[in-house]
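Asker:
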Amino acid sequence: MLDEHQQPPRIEPEESGPSRPKWGNPVPENVIGLSSHPAAAIIADPQDNTATLRRPTGAGSRLNGIDALAAEDLPAGAKVALRPIARGQAVLKSGLPIGIAATDIAPGTRVHAGLLGPAPAAQATAPRAPLAALAPASFEGYVRADGRVGTRNFIGVVIASNCAATAARRTADWFDAERLAEFPHVDGVVPLIHTLGCGMEMTGEPMDLLRRTISGVIRNPNMAGAVILALGCERNNLKLLLETQGLQPGDMLQTVTLQEVGGTNAAMEMAKAHIEKMLPIANAARRTTVPAGRLTLGLQTGAADGFCGLSANPALGVAVDMLIAQGGTAILSETPDLLLSGDAFAARAASEEVAAALRERLDWWQDYAGGRDTRLNGELDRAAEQAGFASGRERALDGLRKAGSTPLTAVRRYAEQVSGPGLVLMDSPDHDLVSVTGQAAAGATMIAMTTGLGSDFSSLPAPALKIASNTETFTRMADAIDIDTGAVLDGTESVQAAGERIFAAILRHASGEPTKGEWEAMGETGFAPWPVGICS
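My numbering puts the sequence shown at residues 1064 to 1599.
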């Protein structure tokens, strides 16, 4: 644990080693925080008229903290009424309304979507005052020429369109651990391939967005250099990509056009030659000690459950507040959650200008999703119900807890560059691959993702640190998830203490400790620019 005088740990970068994960240099594995102490029901706020079941509970079982018996067999994560809830009364979790009782609900009854009507407007939650000064924290990062700081040192093989995907992947795969052994300060040659760029309008928002995403990822501080591969006749014309995005080829940015050089094999050989010239330059970079405030962290939730809003998300929120108190930047996305949450987030806007920009994005989503079968209709799918959610509002409010409690300082469109410090909204759908890709293009150098059901997701070039809401999922997916917050549910650790653990882990991984996803090379297919066709 950290006290107010203790600096979070940081690791020294490894000079070399006999083995390495697919992406990132090797350090000893550190499994954090296993706990399995049972607690039957969790009451998140004294105002709540519901509790969340920690364990499966049989019909007729007496529930701790509830003067009633379970009315039926109840699964873990389910909401159960603490006391009589009259028809028309707000149903509360964590002090906020997640729906209106559509009928009288007796104590011990499971609260689910079939018993709820639309939630009332949630009371706006004002931002908390900044944290008192914390002991300065630091990590070991790569300081780039423009002053930004990376957490990794990659060379990317990027494509203008899907037509060059095979050449890009084969080129990146050629630079395996053996061929990179003499370049221990290069974390990998990574493929950034996608399915767009051909069969599109030559102009308009989808093309502008694709080009902004590609150029943003190339400029990410985690990228030492890149080769762009193009077929030659795709709609995302390579020359226009470079011109519109101000990308200037040079020692650390090269292009290869398959139709000009003779096809896939010839393009691979030329790309490999370019990268071989880049490797010694990239390898000259060294990690140096920098303030924690130089970190830009993307925030995500994937495969959530009814526990995320009680453990992983609020704990990550503590870590976010700590990062921002150090002068750092956090990027919140998944905009549909903000729309579903009502007014609960609106009061966090730091100015009228920020509030207006937020409203413009929410209005766009309202229009975009009108009449479509998406999450924005407020209905829960079967998977979400089985995961313990009682309403779409509950799921959305749970997700916002990972953003901590500091003011919203700016709103950016998808893949637009983010400059901190503070909490920034970057607009995106609620789709992990698409949202994280936009955050990386915006400048995120690490991703923190909470999960309840478990996720194998990872990302490049910004590595993803995954945080489980419960110990059962963490244990079952220990090769994919980095941190367990189940002890919060069991009452053996506070949210504050779990958040301090997460903050310390963020700094360790920012310093080069590979995430589980990096060890397993899970991020190779995680690059997915938004085609403005995903409704979520």
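From the three backbone atoms N, C-alpha and C, an ideal C-beta is built for every residue, glycine too. Here the structure is a predicted model, which means the values were calculated and not measured.
1. Just mark Asn1440 as buried or exposed, buried being the case when its beta carbon has 16 or more other beta carbons within 10 Å.
2. Hey, could you find the ends of the beta strand (DSSP E) Ser1201 is sitting in?
3. If Ala1227 and Leu1321 are in contact, beta carbons under 8 Å, what's the gap, nearest whole angstrom?
4. Check each candidate in Gly1586, Val1383, Thr1514 and Met1540 and name the one with the smallest Cα separation from Gln1559.
5. Starting from Phe1217, trace the beta strand (DSSP E) both ways and give me its first and last residue.
6. Within its chain, find whatever has a CB closer than 6 Å to the CB of Gly1219; leave out the 5 residues flanking it on each side and keep chain order.
7. If you measure between the beta carbons of Leu1460 and Leu1471, is that distance less than 8 Å?
8. For Asp1547, which residues does DSSP report across the bridge?
9. Could you name the residues of the same chain whose beta carbon sits closer than 8 Å to that of Ser1098, not counting the 5 residues immediately before and after it, in chain order?
10. Relative to the C-alpha of Met1333, which residue among Ala1366, Lys1302 and Ile1291 is closest?
11. Only counting runs of 4 or more residues, tell me where the alpha helix (DSSP H) segments fall wholly within the region 1253 to 1339, in order along the chain.
12. Where does Met1509 fall in DSSP's three states?
13. Taking only the alpha-carbon atoms, compute the straight-line gap between Asn1112 and Ile1168 and give it to the nearest angstrom.
14. Could you tell me the distance, in whole angstroms, from the CA atom of Gly1096 to the CA atom of Gln1311?
15. DSSP state of Met1064, grouped into three classes?
16. Quickly, what does DSSP pair Ile1148 with across the bridge? List them, please.
17. I need the straight-line Cα distance from Gly1517 to Ile1387, nearest angstrom please.
18. Please check the pair Gly1596 and Gln1502, which I expect to be a contact at CB under 8 Å, by giving their CB distance rounded to whole angstroms.
19. Does the structure place the region 1168 to 1183 close enough to the region 1138 to 1158 that three or more beta carbon pairs sit under 8 Å?
20. What are the partner residues of Ala1114, as DSSP defines its beta bridges?
21. Is the distance from the Cβ of Leu1126 to the Cβ of Ala1103 below 8 Å?
22. Cutting at 8 Å between CB atoms, please list the residues of its own chain near Gly1262, excluding the five before and the five after it.
23. Out of Gln1152, Asp1314, Ile1222 and Ile1344, which one is the CA nearest neighbour of Phe1246?
24. Of all the alpha helix (DSSP H) runs that stay within the bounds of the region 1383 to 1471, which reach a length of 4 or more residues?
25. Hey, how far is the Cα of Gly1575 from the Cα of Val1249?
26. Is the beta carbon of Pro1119 sitting closer than 8 Å to the one on Ala1139?
27. Report the partner residues of Leu1362 according to the DSSP bridge assignment.
28. Would Asn1283 be called buried (16 or more neighbouring beta carbons within 10 Å of its own) or exposed?
29. Can you tell me whether Glu1457 is buried or exposed? The criterion is at least 16 other CB atoms within 10 Å of its CB, across all chains shown.
30. When burial is assigned at 16 or more other CB atoms within 10 Å of the CB, is Arg1422 buried or exposed?
31. Please classify Pro1377 as buried or exposed, where buried requires at least 16 neighbouring CB atoms within 10 angstroms.
32. Which residues share a DSSP beta bridge with Lys1156?
33. Which residues does DSSP pair with Pro1354 in a beta bridge?
34. Would you call the CB atoms of Glu1397 and Thr1364 closer than 8 Å?
35. Using the C-alpha atoms, what's the distance from Ile1277 back to Ala1200?
36. May I ask you to report which of helix, strand or coil DSSP gives Val1474?
Answerer: The answer reads as follows:
1. Your numbering for residue 1440 matches position 377 in the sequence shown. That one is exposed.
2. Numbered from its first residue, the sequence shown carries residue 1201 at position 138. Run containing Ser1201: Ser1201 to Val1206, per the beta strand (DSSP E) assignment.
3. By one-based count along the sequence shown, residue 1227 stands at place 164. By one-based count along the sequence shown, residue 1321 stands at place 258. Ala1227 to Leu1321, Cβ: 6 Å. Contact.
4. On the sequence shown, residue 1559 is found 496 positions in, with the first residue counted as 1. For the residues Gly1586, Val1383, Thr1514 and Met1540, the minimum Cα distance to Gln1559 belongs to Val1383.
5. The residue labelled residue 1217 in the question sits at position 154 within the sequence shown. Residues Phe1217 to Ile1222.
6. Taking the sequence shown and counting its residues from 1, the one referred to as residue 1219 is at position 156. Val1253, Leu1255, Met1286 and Ala1289.
7. Within the sequence shown, numbered from 1, the residue matching residue 1460 stands at position 397. Within the sequence shown, numbered from 1, the residue matching residue 1471 stands at position 408. Contact flag unset, no.
8. For this step, residue 1547 is matched to residue 484 along the sequence shown. Ala1531, per the DSSP bridge assignment.
9. Your numbering for residue 1098 matches position 35 in the sequence shown. For Ser1098, the predicted structure reports a pLDDT of 29, less than 50, and the residue's modelled location is therefore unreliable. A value from the coordinates is still provided. Cβ neighbours of Ser1098 beyond the five flanking positions: Thr1534, Asp1547, Gly1549, Ala1550, Asp1553, Thr1555 and Glu1556.
10. Position 270 of the sequence shown, counted from the start, is the residue given in the question as residue 1333. If we check each option's Cα against that of Met1333, Ile1291 comes out closest.
11. 1268 to 1281, 1301 to 1308 and 1321 to 1324
12. In the sequence shown, the residue the question calls residue 1509 occupies position 446. Residue state, collapsed to three classes: strand.
13. Along the sequence shown, read from residue 1 onward, the residue named residue 1112 stands at position 49. Along the sequence shown, read from residue 1 onward, the residue named residue 1168 stands at position 105. Distance between the alpha carbons of Asn1112 and Ile1168: 11 Å.
14. Position 33 of the sequence shown, counting from 1, holds the residue named residue 1096. Position 248 of the sequence shown, counting from 1, holds the residue named residue 1311. Here Gly1096 scores only 28 on pLDDT, less than 50, and its place in the model should not be relied on; the value that follows carries that caveat. Whole-angstrom Cα-Cα distance: 47 Å.
15. In the sequence shown, counting from the first residue as 1, residue 1064 sits at position 1. In this prediction, Met1064 scores a pLDDT of 38, lower than 50, which makes its location untrustworthy; no coordinate-derived value is stated.
16. Position 85 of the sequence shown, counted from the first residue, corresponds to residue 1148. Per DSSP, Ile1168.
17. Your numbering for residue 1517 matches position 454 in the sequence shown. Your numbering for residue 1387 matches position 324 in the sequence shown. Their backbone Cα atoms lie some 27 Å apart in a straight line.
18. Locating residue 1596 in the sequence shown gives position 533, where the first residue counts as 1. Locating residue 1502 in the sequence shown gives position 439, where the first residue counts as 1. About 19 Å separates the two Cβ atoms, so there is no contact after all.
19. yes
20. Here residue 1114 refers to the residue found at position 51 of the sequence shown. Answer is Val1143, bridged to Ala1114.
21. Locating residue 1126 in the sequence shown gives position 63, counting from the first residue. Locating residue 1103 in the sequence shown gives position 40, counting from the first residue. Going by C-beta atoms, Leu1126 is nearer than 8 Å to Ala1103.
22. Locating residue 1262 in the sequence shown gives position 199, counting from the first residue. These residues qualify, in order along the chain: Arg1298.
23. Locating residue 1246 in the sequence shown gives position 183, where the first residue counts as 1. It is Ile1344 whose Cα lies nearest to the Cα of Phe1246.
24. 1398 to 1403, 1415 to 1432, 1445 to 1449 and 1455 to 1463
25. Taking the sequence shown and counting its residues from 1, the one referred to as residue 1575 is at position 512. Taking the sequence shown and counting its residues from 1, the one referred to as residue 1249 is at position 186. The straight-line gap from Cα to Cα measures roughly 11 Å.
26. Along the sequence shown, read from residue 1 onward, the residue named residue 1119 stands at position 56. Along the sequence shown, read from residue 1 onward, the residue named residue 1139 stands at position 76. Yes.
27. For the purposes of this step, residue 1362 is identified with residue 299 of the sequence shown, where counting begins at 1. Answer by DSSP bridge pairing, in chain order: Ala1511.
28. Position 220 of the sequence shown, counting from 1, holds the residue named residue 1283. When all chains shown are included, Asn1283 counts as buried.
29. As a working mapping, residue 1457 is identified with position 394 in the sequence shown. When all chains shown are included, Glu1457 counts as buried.
30. As a working note, residue 1422 is residue 359 in the sequence shown. The residue is exposed, with fewer than 16 neighbouring Cβ atoms inside 10 Å.
31. Here residue 1377 refers to the residue found at position 314 of the sequence shown. Buried, because 16 or more other Cβ atoms sit within 10 Å of the Cβ of Pro1377.
32. As a first step, residue 1156 must be located in the sequence shown, where it is residue number 93. Answer by DSSP bridge pairing, in chain order: Leu1159.
33. Residue mapping note: residue 1354 aligns to position 291 of the sequence shown, counting from 1. DSSP lists Ser1201 as partners of Pro1354.
34. As a first step, residue 1397 is located in the sequence shown; it is residue number 334 there, counting from the start. As a first step, residue 1364 is located in the sequence shown; it is residue number 301 there, counting from the start. Going by C-beta atoms, Glu1397 is nearer than 8 Å to Thr1364.
35. Position 137 of the sequence shown, counted from the first residue, corresponds to residue 1200. Position 214 of the sequence shown, counted from the first residue, corresponds to residue 1277. Looking at the two C-alpha atoms, the distance is approximately 32 Å.
36. Numbered from 1 along the sequence shown, position 411 holds the residue referred to as residue 1474. In the structure shown, Val1474 sits in a strand (DSSP, three-state: E or B).
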